[in-house]
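Chains as they are written, first to last, in my numbering: chain F, 29 to 369; chain S, 29 to 369. For reference, the structure is listed below as C-alpha cells.
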DNA sequence: GAAGGGGTGGCAATCGTTTGCCATCTTTTG
DNA sequence: CAAAAGATGGCAAACGATTGCCACCCCTTC
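Below, the structure written as C-alpha cells:
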C-alpha cells in the first residue's frame, strides 16, 4: 500500500463516478470517447472531474492501454549546441501533442544507446534518435522493437528527417572556388558518423566535377577540444581553405589558428556546418551551412506521431524520408585565397 | 487489449515465475529485495530473467508501488546555454540513479510551469526547477503537492542548490575598481528573476562599501536579442564598465558595441555572469563569473533523491540549501578605465 | 404488435507489478 | 523436548485506468 494514510489520496476515476452517480467505465468513456456517452451525462461527469481537479494517472492509463504517451529523444551529447535545437524542436511538438519527452544522453556510445532503448522499450511509445551511433543492422532491429525515427541518419526501413547538408557542401565549395581556392581540405568528424561520411562524399563529388582533388584530414571527435589537432592537420596539408564537419570543431580550429597567428580569412578560410549557437559571434564570425535544426526536431516528431496514430493501417500520407534544405551563410571566416607563397 | 495478436508479447514476471517454478511474488522479491528469498532460488530466478531478457514494466511498477522513477526538470528556455549545463548535470546523476529525466520547457511562463507540474504530479516522483517564474507562495504550495528542489531560487521550505553569483559580484566589482573604474552599471535581467535581484543587491552592497553609486539599467529579457537596447542604455549612463545579468545578454551587448564602434575594453569594460558556452570565444572573450552549472544540476538531483529515499523519516544529513561558489574568470572584455573625456 | 436497431450505461476482466498476510519448514533457545 | 523465532515462498488483494460484452430502454418499421 503506497499511501496507507488517507491524507490526500489522489482523486481517481472512481471518485468522479461516485460524485456523478455513474460507473467508472462511463467516466472513462466520457473523458476519452465523448461521443460514446449521452451529452448531459458527460457534462455532469466533466463538471465533477473539474470540481475534484481530476488528473488521470498516466501509469494506470499506460498499463491498461499499452500506450505511455512518452517519447524518448536520444542525443549523443547534451552539451553539444547542435542538439539544443533538436531538443527544442521535439519539445515543442511533443508538448503540443500531449506527449512527454524523455531526454537521454547516450554519451556517444552505441552500446549505451541500444541498452537504453531496450530497457525503456516498455515504457515508451517511440523514440527519436538524433545522431545514432548504432550500426544499420542494429538500428533496423531496434526499429522492430519500438517505433523509431532518426534524424540525420538514413537506414532502410527507418523513417528519418534528414538535413541536406551534403547539398549545401556544394554551395560552400562553389563559394570557396569562386574566391580562388583550389586546395580545399575536409576536416572529418567522428568516424562512425553517418553525416560525416555523407559530407565527405559530397566534397569528393564537387572535386570531381571541377577536376580537383580535395584532401581529408581526421577523423576527429566533434568537440572544440579537437580544434588544435585539427587545425594543425589542416595547416600541414597546405590547403588555403577547409570545410569542417561541424561548427563546434570549426570554432575550435579558429581558436587554435589564432593562437598560431594564422590569420582567418587572409591566410586560410574556414567553413563550418550547422550554424549553431555561437557561430555568429565567434572570431571571426563563421561562414557556415545554416541548418534548420529545430525544424528537423519538429518534423521527426510529426513523423513519429503520425506512425503511432494510424491504427496499424499503413497510411500512405506519411513519407518515410523528409529532406530539409540548408543554405550557406557567408560571414567573416572566408575570403579570397592567398596568393601561393 | 493493446496487443491482441500474440506476436511478441513482452516477457512478464509471470513468464519468469513459470520458468523458474515459483510464484510471481517470489520473482518480484528476488529481483527487488534479494535478501528476502533464498540464494539458490534467487539465482534460478535471475537466470530465467536473463534468459528471457526480462525488462520490468515501469507503468505497472509505478501503478502498484506509487513510484514512477521519473523526475522532471523544468527549464524556462531550452535554447539558453545556461540550461545545457543544468540539464547535463541532472541527466548524469539521474541516469546513475536509474531515474528517467523528463525535460520540460516552460517558455518563461509561470502559468505553464504550474500547470505542467500539476498535471504531471501523478506521474512524477519529483521535479527540479531551474529558474522558476513562480511566486514564492505558489512554489511553496506546489512543494506540498510534489517533492521539489529549486536551482537558484531561495524559497522557505523548498530545498535548493544555489549558485553564489552574488558573492562573485563582489570579486567582479573589486576587479573593475582596481582597474580604475568608478562608474559601473548593472544591466538587469528579467524583472521577476530571483537571481537578478540577488545580483543587483550584491552590487549595491559593494557600492555602499566603497561609498560609490552604481546605476542600474533595464530590466531586459535575458537573451541576445536584448543586446542592442541594453548596450545603448549602458552607453547613455556614461559608465566605463558594466556588470551584466548573464553572459547571453553580455554577448549581445558586445555585438552591439562593436556595431557602434565602441571598443571593448578600451572604451568600456564588460563583465558577464555564468561563463556559458561561447563566453570564451566571443569577441573579445568575456570576463565573467564562472558558475558550476553542471554541478548545480547534480547537487539538485542528489538533494531530491535523498529526500525521496529517506522513507518519510526526515534524516538530518540532507541540507536544505547548498551554496555553490563561483569565481571570476578574467578574459579580454575588461581593462583599465578610460580617462574621463 | 412484433421484430429490429441505435443509443446508453454497467459489469467485470485485464494490464504487470508490489506487498500484507499467512503457512510451512527449519533453527535456535531455555 | 517444547516453544519461540527466523527463513522462505505462496495467495490474493490492491494500484487506476481501459474496454469487450451484455442489458436495457426507446424508437422505428413492416
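Ideal Cβ positions, reconstructed from N, Cα and C, are used throughout, including at glycine. Here the structure is a predicted model, which is why all the values come from computation and not from measurement.
Checklist entry - When Cβ atoms are compared, which residues of the region 143 to 157 of chain S fall closer than 8 angstroms to chain F? => result Listed in sequence order: 146, 147, 148, 149, 150 and 151.
Checklist entry - With C-beta atoms as the reference, is residue 231 (chain S) less than 8 angstroms away from residue 242 (chain S)? => result Counting from 1 along the second chain, the entry for residue 231 (chain S) is found at position 203. Counting from 1 along the second chain, the entry for residue 242 (chain S) is found at position 214. Yes, Cβ-Cβ distance for residue 231 (chain S) and residue 242 (chain S) is below 8 angstroms.
Checklist entry - Can you tell which of F:161, F:190, F:200 and F:142 has its C-alpha closest to the C-alpha of residue 173 (chain F)? => result Here residue 173 (chain F) refers to the residue found at position 145 when the first chain is read from its first residue. Checked all of F:161, F:190, F:200 and F:142; the closest Cα to residue 173 (chain F) is F:142.
Item to check | Within-8 angstroms CB hit, residue 306 (chain F) to chain S | outcome: Here residue 306 (chain F) is taken as the residue at index 278 of the first chain, counted from 1. Chain S, which has a Cβ nearer than 8 angstroms to the Cβ of residue 306 (chain F), makes this yes.
Next on the checklist: According to DSSP, simplified to helix, strand and coil, what is residue 363 (chain F)?
Outcome noted: Numbered from its first residue, the first chain carries residue 363 (chain F) at position 335. Of the three classes helix, strand and coil, the one that applies to residue 363 (chain F) here is coil, per DSSP.
Item to check | Cβ pair count under 8 angstroms reaching 3, the region 127 to 143 of chain F against the region 173 to 191 of chain F | outcome: no
Item to check | chain F residues whose Cβ lies nearer than 8 angstroms to that of residue 133 (chain S) | outcome: Against the second chain, residue 133 (chain S) aligns to sequence position 105. Neighbours of residue 133 (chain S) on chain F, chain order: 116, 119, 120 and 123.
Checklist entry - Which residues, in order along the region 76 to 90 of chain F, keep a beta-carbon less than 7 angstroms from a beta-carbon of chain S? => result Residues 83, 85, 86, 87, 88 and 90.
Next on the checklist: Give the list of continuous beta strand (DSSP E) stretches no shorter than 3 residues that lie fully inside the region 81 to 143 of chain S.
Outcome noted: 98 to 103 and 128 to 133
Next on the checklist: For a cutoff of 8 angstroms on Cβ pairs, would you count residue 309 (chain F) as touching chain S?
Outcome noted: Position 281 of the first chain, counting from 1, holds the residue named residue 309 (chain F). Output row for residue 309 (chain F): interface = yes.
Next on the checklist: Rounded to the nearest angstrom, what separates residue 180 (chain F) and residue 157 (chain F) at their Cα positions?
Outcome noted: Along the first chain, one-based indexing puts residue 180 (chain F) at 152. Along the first chain, one-based indexing puts residue 157 (chain F) at 129. So the two alpha carbons sit approximately 9 angstroms from each other.
Checklist entry - Name the residues in the region 88 to 112 of chain F whose C-beta lies less than 7 angstroms from a C-beta of chain S; which are they? => result Here the close residues are 88, 90, 91, 93, 94, 96, 106, 107, 109 and 112.
Item to check | CB contact flag (residue 121 (chain S), residue 329 (chain S), <8 angstroms) | outcome: The sequence position of residue 121 (chain S) within the second chain is 93, counting from 1. The sequence position of residue 329 (chain S) within the second chain is 301, counting from 1. Their beta carbons are under 8 angstroms apart, which means residue 121 (chain S) touches residue 329 (chain S) by this criterion.
Next on the checklist: Give me the chain F residues within the contact set of residue 279 (chain S), using Cβ-Cβ distance strictly less than 8 angstroms, ordered along the chain.
Outcome noted: Counting from 1 along the second chain, the entry for residue 279 (chain S) is found at position 251. Simply 309.
Checklist entry - How is residue 49 (chain F) classed by DSSP in three states: helix, strand or coil? => result Taking the first residue of the first chain as 1, we reach residue 49 (chain F) at position 21. Residue state, collapsed to three classes: coil.
Checklist entry - Relative to the alpha-carbon of residue 234 (chain F), which residue among F:252, F:64, F:262 and F:212 has its alpha-carbon at the smallest distance? => result Reading the first chain from its first residue, position 206 is the one you call residue 234 (chain F). It is F:212 whose Cα lies nearest to the Cα of residue 234 (chain F).
Checklist entry - In this structure, does DSSP put residue 353 (chain S) in helix, strand or coil? => result The residue labelled residue 353 (chain S) in the question sits at position 325 within the second chain. If DSSP states are grouped into helix, strand and coil, residue 353 (chain S) belongs with coil.
Next on the checklist: Quick test of your reading: residue 155 (chain S) and residue 115 (chain S), contact by CB under 8 angstroms. State the CB separation rounded to the nearest angstrom.
Outcome noted: Counted from its first residue, the second chain places residue 155 (chain S) at position 127. Counted from its first residue, the second chain places residue 115 (chain S) at position 87. The pair is not a contact, with the Cβ atoms about 14 angstroms apart (cut-off 8 angstroms).
Next on the checklist: At the level of alpha carbons, what is the spacing between residue 90 (chain F) and residue 165 (chain F)?
Outcome noted: Counted from its first residue, the first chain places residue 90 (chain F) at position 62. Counted from its first residue, the first chain places residue 165 (chain F) at position 137. Spanning the two alpha carbons is a distance of roughly 30 angstroms.
Next on the checklist: What does the alpha-carbon distance come out to for the pair residue 169 (chain S) and residue 183 (chain S)?
Outcome noted: Within the second chain, the letter at position 141 stands for residue 169 (chain S). Within the second chain, the letter at position 155 stands for residue 183 (chain S). Spanning the two alpha carbons is a distance of roughly 11 angstroms.
Next on the checklist: Rounding to the nearest angstrom, what Cα-Cα distance links residue 222 (chain S) and residue 307 (chain S) in this structure?
Outcome noted: The residue you call residue 222 (chain S) lines up with position 194 of the second chain. The residue you call residue 307 (chain S) lines up with position 279 of the second chain. Approximately 23 angstroms, taken between the alpha carbons.
Item to check | Which of helix, strand or coil DSSP assigns to residue 267 (chain S) | outcome: Walking along the second chain from the start, residue 267 (chain S) turns up at place 239. In the structure shown, residue 267 (chain S) sits in coil (DSSP, three-state: anything other than H, G, I, E or B).
Item to check | the region 291 to 305 of chain S / the region 283 to 301 of chain F touching (three or more Cβ pairs under 8 angstroms) | outcome: no
Checklist entry - Taking DSSP as the reference, what is the three-state secondary structure of residue 206 (chain S)? => result On the second chain, residue 206 (chain S) is found 178 positions in, with the first residue counted as 1. The answer is helix: DSSP assigns residue 206 (chain S) an H, G or I state.
Checklist entry - From the beta carbon of residue 48 (chain S), is the nearest beta carbon of chain F less than 8 angstroms away? => result If you number the second chain from 1, residue 48 (chain S) lands on position 20. False, the Cβ-Cβ gap to chain F never drops below 8 angstroms.
Checklist entry - From residue 84 (chain F) to residue 175 (chain F), what does the alpha carbon distance come to, in whole angstroms? => result In the first chain, counting from the first residue as 1, residue 84 (chain F) sits at position 56. In the first chain, counting from the first residue as 1, residue 175 (chain F) sits at position 147. Their Cα atoms are separated by approximately 25 angstroms.
Next on the checklist: For a cutoff of 8 angstroms on Cβ pairs, would you count residue 213 (chain F) as touching chain S?
Outcome noted: Residue numbering aside, residue 213 (chain F) sits at position 185 when the first chain is read from its first letter. Chain S contact via Cβ: absent.
Item to check | Beta-carbon spacing of residue 58 (chain F), residue 97 (chain F) below 8 angstroms | outcome: As a working note, residue 58 (chain F) is residue 30 in the first chain. As a working note, residue 97 (chain F) is residue 69 in the first chain. No, Cβ-Cβ distance for residue 58 (chain F) and residue 97 (chain F) is not below 8 angstroms.
Checklist entry - How is the beta strand (DSSP E) around residue 358 (chain F) delimited, first residue to last? => result One-based indexing of the first chain puts residue 358 (chain F) at position 330. Segment: none, residue 358 (chain F) is in no beta strand (DSSP E) and carries neither H nor E.
Checklist entry - Roughly how many whole angstroms lie between the Cα atoms of residue 109 (chain S) and residue 348 (chain S)? => result Here residue 109 (chain S) corresponds to residue number 81 of the second chain, with the count starting at 1. Here residue 348 (chain S) corresponds to residue number 320 of the second chain, with the count starting at 1. Straight-line spacing of the CA atoms in residue 109 (chain S) and residue 348 (chain S) works out to 27 angstroms.
Checklist entry - Around the C-beta of residue 119 (chain F), are 16 or more other C-beta atoms found within 10 angstroms, so that it is buried, or is it exposed? => result The residue labelled residue 119 (chain F) in the question sits at position 91 within the first chain. So residue 119 (chain F) counts as buried.
Checklist entry - Between residue 341 (chain F) and chain S, is there a C-beta pair that is closer than 8 angstroms? => result Counting from one through the first chain, the residue named residue 341 (chain F) turns up at place 313. Note on residue 341 (chain F): pLDDT 47, under 50, position unreliable in the model; no value is reported.
Next on the checklist: Quick check on the DSSP output: what are the complete beta strand (DSSP E) runs of length 3 or more inside the region 175 to 258 of chain S, in order along the chain?
Outcome noted: Runs of the beta strand (DSSP E) lying entirely within the region 175 to 258 of chain S and spanning at least 3 residues, in chain order: 176 to 179, 188 to 191, 212 to 215 and 243 to 245.
Checklist entry - Using 8 angstroms as the threshold, is the region 258 to 265 of chain S in touch with the region 200 to 210 of chain S, meaning 3 or more CB pairs across them? => result no
Next on the checklist: For residue 270 (chain S), tell me which candidate among S:63, S:326 and S:301 has the shortest Cα-Cα distance.
Outcome noted: Position 242 of the second chain, counted from the first residue, corresponds to residue 270 (chain S). Checked all of S:63, S:326 and S:301; the closest Cα to residue 270 (chain S) is S:301.
Next on the checklist: Would residue 280 (chain F) and residue 253 (chain F) be called neighbours here (beta carbons separated by less than 8 angstroms)?
Outcome noted: Counting from 1 along the first chain, the entry for residue 280 (chain F) is found at position 252. Counting from 1 along the first chain, the entry for residue 253 (chain F) is found at position 225. Against a cut-off of 8 angstroms, the Cβ pair of residue 253 (chain F) and residue 280 (chain F) comes out as a contact.
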